[in-house]
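Okay, so here's the structure we're looking at.
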Amino acid sequence: MKYDFISIGDVTTDAFIRLKEASVHCDINRENCVICMAFASKIPYEDVIVVPGVGNSANAAVAAARLGLKSAFASNVGDDDFGKETIAALKKEGVETAFIKSHPGRKTNYHYVLWYEDERTILVKHEDYPYDLPDIDNPKWIYFSSIGENSLSFHAVVAEFLRRNPDVKFAFQPGTFQIKFGTEALAAIYQRTDVFIANKEEYKQILKTDETDIKKLMRQMQGLGPKTAVLTDGREGAYAANGKNVWFMPIYPDPKPPYERTGAGDAFSSTFVAALALDMSVGDALRWAPVNAMSVVQKIGAREGLLTSAEIEDYLRKAPSDYKPKEI
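Here it is, written out as structure tokens:
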């Protein structure tokens with residue numbers, strides 16, 4: 005089968021621990037915040053909710069499937085119960101799981117999400133899997149995101165596949181370790197990227213700059229190779245630069261206060277790319293993406309709130325008149 009959308013990256017089980025007793029302290033600009041809890045004490049919590057089969061790339065595969073694309077996911081799990089639950093959860097969503105490798109004697113990634121008010125702080129650990137690229141044939145789009153610390157050489161494998169398949173479109177939403185690897189080590193990946201997506205702080209970290217001008221940040225990123233650069237800025241909206249054009253897109257207005265913010269960025273990024281895979285324009289992709297981000301934060305976890313294309317179109321019919329991309 006020729007797939008429309010194959011995502012590549014790590015997958016995890018998220019355990020959401022809703023805290024009762026904590027405090028948050030920020031600098032004057034609220035750019036650097038810390039969560040504080042009593043040390044060497046017993047801290048009560050409200051609830052624990054476990055969600056299998058999530059993570060940047062797993063969420064993207066589900067988002068694409070719900071939007072009507074033939075979607076598959078390439079990843080690694082252990083042969084434990086969490087691995088079996090992960091595969092079952094993704095199959096239930098209509099995602100092809102044949103490219104997920106189960107490793108005997110290894111654990112499946114398991115993360116702890118400290119949920120306080122409407123924000124989350126995630127304790128992460130990527131298991132040390134031997135990464136390789138399965139025979140994924142020639143998909144329309146590849147979506148590449150968060151992967152483990154030992155994966156640097158695997159990026160060369162992905163870059164070589166893309167070199168041999170120039171008709172495959174490539175989206176890159178770098179995770180923590182991919183940002184740490186640096187642009188020089190991942191030069192072949194950046195040069196081959198059709199769509200690059202990250203938030204403003206990640207742009208600054210990747211580019212090693214204190215620059216705050218959005219257009220300059222995106223142009224610097226395009227200088228590394230990406231044809232289309234997308235920058236998200238939380239509640240301030242998002243931007244896309246393509247060729248000479250730069251657009252700003254406001255957030256879709258929340259129908260009620262966000263319940264829990266995990267996965268909002270993944271929902272935006274994957275929906276933007278999925279819209280392009282559906283042959284939409286950059287402008288239409290910018291209109292779709294914030295709707296899914298809005299929906300996800302109304303639910304627990306990164307998957308439950310993901311919408312179908314019909315549901316997104318219904319929200320767009322109800323959107324305010326100024327909800328549209330603006331060229332800047």
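For what it's worth, the numbering used here labels the leading residue of the sequence shown as 5, then goes sequentially. All C-beta atoms, glycine included, are put in the ideal place defined by N, C-alpha and C. Note that the structure is a prediction, hence the values are computed from the model and not measured.
Determine the closest residue to residue 328 out of 140, 201, 285 and 106, with distance taken between C-alpha atoms.
-> The shortest C-alpha separation from residue 328 is found at 285.
Using 7 Å as the limit for Cβ to Cβ distance, is residue 271 near chain C?
-> The chain labelled as chain C is not found in the depicted structure, where only one protein chain is given.
If you scan the region 51-131 from start to end, which runs of the alpha helix (DSSP H) of 4 or more residues do you find wholly inside it?
-> Listed in chain order, the alpha helix (DSSP H) elements of length 4 or more contained wholly in the region 51-131 are 60-70 and 85-96.
Counting pairs of Cβ atoms below 8 Å between the region 139-148 and the region 168-179, do you hit three or more?
-> Cβ pair count under 8 Å is three or more, so yes.
Reduced DSSP category for residue 222 - H, G, I as helix; E, B as strand; rest coil = Residue 222 falls in the helix class under three-state DSSP.
Per DSSP, which one or two residues make a beta bridge with residue 173?
-> In DSSP, residue 173 forms a bridge with 145.
Should residue 164 be counted as a contact of the ligand ZN given a C-beta to heavy atom distance under 6 Å?
-> This structure simply doesn't include the ligand ZN, nor any ligand for that matter.
What do you reckon, are the CB atoms on residue 111 and residue 82 nearer than 7 Å?
-> Cβ distance < 7 Å, so residue 111 and residue 82 count as in contact.
By Cβ distance below 7 Å, which residues in the same chain neighbour residue 180 in space, the five residues on each side in sequence not counted?
-> Close CB contacts of residue 180 within its chain, under the 7 Å cut and outside five residues either way in sequence, are with 150 (chain order).
Taking the continuous alpha helix (DSSP H) assigned at residue 275, which residues delimit it?
-> Counting along the chain, the alpha helix (DSSP H) containing residue 275 begins and ends at 268-281.
Looking at the unbroken beta strand (DSSP E) that takes in residue 253, where does it start and where does it end?
-> Unbroken beta strand (DSSP E) run through residue 253: 249-253.
Classification of residue 29 by the beta-carbon crowding that lies within 10 angstroms, buried from 16 upward = So residue 29 counts as exposed.
Secondary structure of residue 243, DSSP reduced to three states | Three-state result, residue 243: strand.
Near residue 70, which residues of its chain fall below 6 Å by C-beta distance, leaving aside the five closest residues on each side in sequence?
-> Apart from sequence neighbours up to five positions away, the residues of its chain that approach residue 70 with a beta-carbon distance below 6 Å are 310 and 312, ordered along the chain.
With burial defined as no fewer than 16 other Cβ atoms inside 10 Å of the residue's Cβ, what is the status of residue 97: buried or exposed?
-> When all chains shown are included, residue 97 counts as buried.
Nearest to residue 249 by CA position, among 139, 259, 231 and 236, is which residue?
-> Of the candidates 139, 259, 231 and 236, the one whose C-alpha sits nearest the C-alpha of residue 249 is 231.
Counting along the chain, where does the alpha helix (DSSP H) carrying residue 180 start and finish?
-> Looking at the DSSP string, the run of the alpha helix (DSSP H) that includes residue 180 is 180-185.
Take residue 330 and list the residues in its own chain whose beta-carbon comes closer than 7 Å to its own, dropping the five residues that flank it on each side.
-> Sequence-distant Cβ neighbours of residue 330 in its own chain, meaning closer than 7 Å and more than five residues away, are 251 and 252.
Express the C-alpha separation of residue 153 and residue 61 in angstroms, rounding to a whole number.
-> Between residue 61 and residue 153, the C-alpha separation is close to 16 Å.
Selection from 320, 277 and 13 that minimises the alpha carbon distance to residue 158 | When only C-alpha atoms are compared, the closest one is 13.
Closest Cα partner of residue 332 within the set 167, 220, 308 and 103 = A check of alpha carbon separations from residue 332 across 167, 220, 308 and 103 identifies 220 as the nearest.
Where residue 27 falls, given that 16 or more other Cβ within 10 Å makes a residue buried | Residue 27 is exposed by the Cβ-count criterion.
Other residues of its chain near residue 303: CB distance less than 6 Å, five sequence neighbours each side excluded | Counting only Cβ-Cβ distances below 6 Å, and skipping sequence neighbours, we find 309.
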